[in-house]
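Visitor: In my numbering, each residue's number is its place in the sequence shown (first place is 1) plus 90.
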Amino acid sequence: MNWWNKADTTLLVATILFLIAAIIKNFFPESTLAEGFLFVTEAAMVGGIADWFAVTALFKRPLGFPFHTAILPNRRAEFIEASTTMVKQEFFSRRTLFKKVGAVKLVPKIVAYLEKPETREFILNEIAGALKKYIASLDRKAQAKAIAGNLRREFGNIPARDLIREGGAWIRSSGKDVEIFVGLVKKLRATAAKAETRAKLQAMLEEFASQRTQSAGLFSILMAGLAQTLNYVNYEEAAEIMQAQLVKLLDELSADSPIRKKTLAECRAKISELAETQEFRDLFERVQVDLAAELPLELTVEAAIENFQQQIAAVNFEEDLPVAQEQSDSLGEIFMRTLIDLYGQLIYHLKVDSRIKTAAEKFIYELTVRAAFYAQPLVGKIASTTLSRMTVDQLNSLVYDKAEPDFVWIRMNGSIVGLIVGAAIFLLISMVQS
Numbered sequence: 091m092n093w094w095n096k097a098d099t100t101l102l103v104a105t106i107l108f109l110i111a112a113i114i115k116n117f118f119p120e121s122t123l124a125e126g127f128l129f130v131t132e133a134a135m136v137g138g139i140a141d142w143f144a145v146t147a148l149f150k151r152p153l154g155f156p157f158h159t160a161i162l163p164n165r166r167a168e169f170i171e172a173s174t175t176m177v178k179q180e181f182f183s184r185r186t187l188f189k190k191v192g193a194v195k196l197v198p199k200i201v202a203y204l205e206k207p208e209t210r211e212f213i214l215n216e217i218a219g220a221l222k223k224y225i226a227s228l229d230r231k232a233q234a235k236a237i238a239g240n241l242r243r244e245f246g247n248i249p250a251r252d253l254i255r256e257g258g259a260w261i262r263s264s265g266k267d268v269e270i271f272v273g274l275v276k277k278l279r280a281t282a283a284k285a286e287t288r289a290k291l292q293a294m295l296e297e298f299a300s301q302r303t304q305s306a307g308l309f310s311i312l313m314a315g316l317a318q319t320l321n322y323v324n325y326e327e328a329a330e331i332m333q334a335q336l337v338k339l340l341d342e343l344s345a346d347s348p349i350r351k352k353t354l355a356e357c358r359a360k361i362s363e364l365a366e367t368q369e370f371r372d373l374f375e376r377v378q379v380d381l382a383a384e385l386p387l388e389l390t391v392e393a394a395i396e397n398f399q400q401q402i403a404a405v406n407f408e409e410d411l412p413v414a415q416e417q418s419d420s421l422g423e424i425f426m427r428t429l430i431d432l433y434g435q436l437i438y439h440l441k442v443d444s445r446i447k448t449a450a451e452k453f454i455y456e457l458t459v460r461a462a463f464y465a466q467p468l469v470g471k472i473a474s475t476t477l478s479r480m481t482v483d484q485l486n487s488l489v490y491d492k493a494e495p496d497f498v499w500i501r502m503n504g505s506i507v508g509l510i511v512g513a514a515i516f517l518l519i520s521m522v523q524s
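In structure tokens:
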């Protein structure tokens, strides 16, 4: 609180004028002007003193006067409570919050902030670092067990008919059936061209001839023995011819030939007919269940998770993130490039998509209002705690400084109004006496 101001000056002037008027009155006791001057200055001085007393009594005891003075220090608790209530109900009222928050469009400001290069780099680094820590903390065995269980359950729940139909359609559309067929034919061709195959063919011919001879009559046995003696039947040459014909047939089947197309069409038709039979579906379901149970899914998934963790751990996000948009086979850089794409899509949709903009504005509005509502008691608590910690002088200064010009004018008005009222009363008295 200022120790001297305009009100003090005004009161001092009124007091000096009063003293001057008293001296003049003493020298000119019969003078009406001297009496009027004294009357007016006295009223101005009394009015100034009265208002000084009133303003001062708000904060302390003027001249030690104890009755109804020092109002603010004596009602400190009520003042703090009233101030806290005012802060909560006036500054943080529902009406005020709705009005203030609704008038601010935060989405364009957020988008502008997110588009800044330093903001983009900071946010992506923070997200990437958090994901890196999370991925490194994964329990590989537990995750592999859970994922493998889900895969087995999903695979087992697929109807055999759908799996056969979709699997067959995929094999035909992708050309895998041709690839499988050609691969199988080539393997058969390699086996057919071996000397062991020729020897087996020769042995089969000899065994067949022996069985036919034993089941024939005496004449047939004699003729067979004669033919063998004369080397009329050459099983080795027959086996070579059969092998050559077999290899030729397999070569035609492996090439893009009419016989391969015809054979493939017949195989597809037979397989389709077979797939519609209940026996085949039952067999397929048993194979499906056994395959789901026997596949080493846990080991495979665990190895995949471990490889993923190693590749992510090897990436330095702060150094590699700015150049991650370059095409790369690194899983870590693909991961970062995905983050960059998602970040760009977020900004794009916030700027272009009106539906997402509206949803974002609504979410931010509700979040801001809710946060302000939750902060309302906290603000009141802060105001109450802050005011309670203030000393009497600090509290007086806080209140006085906020309204000091008004307090000064109240005191000045006391002298001014006293002067005017004093003049009016003196004139009234003079008129009555005359």
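Using N, Cα and C, we set each Cβ at its ideal position, and we do this for glycine too.
With C-beta atoms as the reference, is residue 101 less than 8 Å away from residue 138?
Guide: yes
Visitor: Between which residues of its own chain and residue 140 is the CB-CB distance below 7 Å, once the five residues before and five after are set aside?
Guide: Closer than 7 Å at the Cβ level, and outside the excluded window around residue 140, lie 504.
Visitor: I'd like to check one pair, residue 134 with residue 104: are the Cβ atoms closer than 8 Å?
Guide: It is a contact, given that the beta carbons lie within the stated cut-off.
Visitor: Could you please give the first and the last residue of the uninterrupted alpha helix (DSSP H) stretch that includes residue 362?
Guide: Residues 348 to 365.
Visitor: What is the rounded straight-line gap between the Cα of residue 441 and the Cα of residue 422?
Guide: 29 Å
Visitor: Could you tell me the alpha carbon to alpha carbon distance between residue 244 and residue 363, rounded to whole angstroms?
Guide: 27 Å
Visitor: If we ignore side chains and look at the alpha-carbon of each, how far apart do residue 396 and residue 197 end up?
Guide: The straight-line gap from Cα to Cα measures roughly 40 Å.
Visitor: Tell me the rounded alpha-carbon separation between residue 267 and residue 203.
Guide: 55 Å
Visitor: When you compare each of 274, 325, 251 to residue 297 by their alpha carbons, which one comes out closest?
Guide: Comparing Cα-Cα distances from residue 297 to each of 274, 325, 251, the minimum goes to 325.
Visitor: Rounding to the nearest angstrom, what Cα-Cα distance links residue 113 and residue 175 in this structure?
Guide: Spanning the alpha carbons of residue 113 and residue 175 requires a straight line of approximately 55 Å.
Visitor: Tell me where the alpha helix (DSSP H) around residue 443 begins and ends.
Guide: Neither: residue 443 is in no alpha helix (DSSP H) and is coded neither H nor E.
Visitor: When you compare the stretch 223 to 231 with the stretch 339 to 358, are there three or more beta-carbon pairs, one atom per stretch, that lie closer than 8 Å?
Guide: Because the criterion of three Cβ pairs below 8 Å is not met, the stretch 223 to 231 and the stretch 339 to 358 do not touch.
Visitor: Label residue 391 either buried or exposed according to how many other C-beta atoms from any shown protein chain fall within 10 Å of its C-beta, with 16 as the threshold for buried.
Guide: buried
Visitor: Could you check if residue 285 is buried or exposed, using at least 16 other CB atoms within 10 Å of its CB as the buried criterion?
Guide: exposed
Visitor: Could you tell me the alpha carbon to alpha carbon distance between residue 543 and residue 337, rounded to whole angstroms?
Guide: Because the chain spans 91 through 524 in this model, residue 543 falls outside it and cannot be assessed.
Visitor: So the alpha helix (DSSP H) residue 533 belongs to, where does it begin and stop?
Guide: This structure cannot speak to residue 533, because the chain is shown only from 91 to 524.
Visitor: Check whether the Cβ atoms of residue 429 and residue 218 lie closer than 8 Å to each other.
Guide: yes
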